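Sequential numbering from 2 applies to the sequence shown in our numbering.
From the three backbone atoms N, C-alpha and C, an ideal C-beta is built for every residue, glycine too.
Predicted, not measured: the structure shown is a model, and the values here were computed from it.
For reference, the structure is listed below as C-alpha coordinates.
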Amino acid sequence: SDLQAIIEYKHQMKVIQLNLQRWTRYYEVGIEEQLWSIEVKEKLSIKTSDEKQYAIYIQQYLDELDQQFE
(Lines of atoms letter the chains of each structure in order from A and count residues from 1; the text may use other names and numbers.)
(Lines give C-alpha, C1' and ligand atoms only; values in the text may rest on other atoms or scores of the structure.)
Protein backbone atom coordinates (compact mmCIF):
# COMPACT_ATOMS: atom_id res chain seq x y z
CA SER A 1 0.00 0.00 0.00
CA ASP A 2 0.98 3.63 -0.30
CA LEU A 3 1.21 4.01 3.46
CA GLN A 4 3.60 1.06 3.71
CA ALA A 5 5.77 2.51 0.93
CA ILE A 6 5.90 5.86 2.72
CA ILE A 7 6.85 4.19 5.99
CA GLU A 8 9.62 2.18 4.30
CA TYR A 9 10.92 5.29 2.52
CA LYS A 10 11.00 7.31 5.74
CA HIS A 11 12.80 4.44 7.47
CA GLN A 12 15.42 4.24 4.71
CA MET A 13 16.00 7.99 4.89
CA LYS A 14 16.44 7.82 8.67
CA VAL A 15 18.96 4.96 8.33
CA ILE A 16 20.93 6.97 5.77
CA GLN A 17 20.81 10.02 8.02
CA LEU A 18 22.11 8.02 10.99
CA ASN A 19 24.90 6.57 8.84
CA LEU A 20 25.85 10.07 7.72
CA GLN A 21 26.02 11.23 11.33
CA ARG A 22 28.07 8.22 12.44
CA TRP A 23 30.53 8.35 9.55
CA THR A 24 30.88 12.12 9.83
CA ARG A 25 31.88 11.60 13.44
CA TYR A 26 34.38 8.90 12.43
CA TYR A 27 35.86 11.38 9.97
CA GLU A 28 36.05 14.23 12.49
CA VAL A 29 37.71 12.10 15.17
CA GLY A 30 40.07 10.54 12.66
CA ILE A 31 41.21 13.87 11.29
CA GLU A 32 41.44 15.65 14.64
CA GLU A 33 42.86 12.90 16.83
CA GLN A 34 44.24 10.36 14.36
CA LEU A 35 41.90 7.74 15.84
CA TRP A 36 40.15 5.49 13.35
CA SER A 37 37.36 3.15 14.36
CA ILE A 38 37.63 -0.58 13.81
CA GLU A 39 34.73 -0.30 11.37
CA VAL A 40 36.70 2.14 9.22
CA LYS A 41 39.79 -0.05 9.26
CA GLU A 42 37.77 -3.16 8.38
CA LYS A 43 35.92 -1.46 5.52
CA LEU A 44 39.14 -0.15 4.04
CA SER A 45 40.22 -3.79 3.69
CA ILE A 46 43.88 -2.97 3.17
CA LYS A 47 46.36 -3.06 5.96
CA THR A 48 47.50 0.50 6.19
CA SER A 49 48.31 3.01 8.83
CA ASP A 50 48.17 5.85 6.31
CA GLU A 51 45.89 8.43 7.89
CA LYS A 52 45.18 10.04 4.51
CA GLN A 53 43.80 6.78 3.11
CA TYR A 54 41.32 6.50 5.98
CA ALA A 55 40.20 10.11 5.50
CA ILE A 56 39.83 9.65 1.74
CA TYR A 57 37.80 6.47 2.20
CA ILE A 58 35.42 8.08 4.69
CA GLN A 59 34.96 11.16 2.51
CA GLN A 60 34.08 8.95 -0.47
CA TYR A 61 31.64 6.95 1.66
CA LEU A 62 30.00 10.15 2.93
CA ASP A 63 29.64 11.35 -0.67
CA GLU A 64 27.89 8.07 -1.54
CA LEU A 65 25.49 8.50 1.37
CA ASP A 66 24.78 12.09 0.32
CA GLN A 67 23.96 10.91 -3.20
CA GLN A 68 21.34 8.55 -1.79
CA PHE A 69 19.41 11.60 -0.59
CA GLU A 70 19.25 13.06 -4.11
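Taking the alpha-carbon positions, what's the glutamate 34 to glutamate 52 distance?
Answer to the nearest angstrom: the Cα atoms are 10 Å apart.
C-beta contact flag for tyrosine 28 and leucine 63 at 8 Å
Yes. Within cutoff.
Look up glutamine 18 in the DSSP assignment and say whether it is helix, strand or coil.
In the three-state reduction of the DSSP assignment, glutamine 18 falls in the helix class, which pools H, G and I.
Terminal residues of the alpha helix (DSSP H) in which glutamate 52 lies:
Here the alpha helix (DSSP H) through glutamate 52 covers 52–70.
Among the residues of its own chain, which have a CB less than 7 Å from the CB of glutamine 54, if the five just before and after it don't count?
Same-chain partners within the cutoff: Leu45.
What is the rounded straight-line gap between the Cα of asparagine 20 and the Cα of leucine 66?
Looking at the two C-alpha atoms, the distance is approximately 8 Å.
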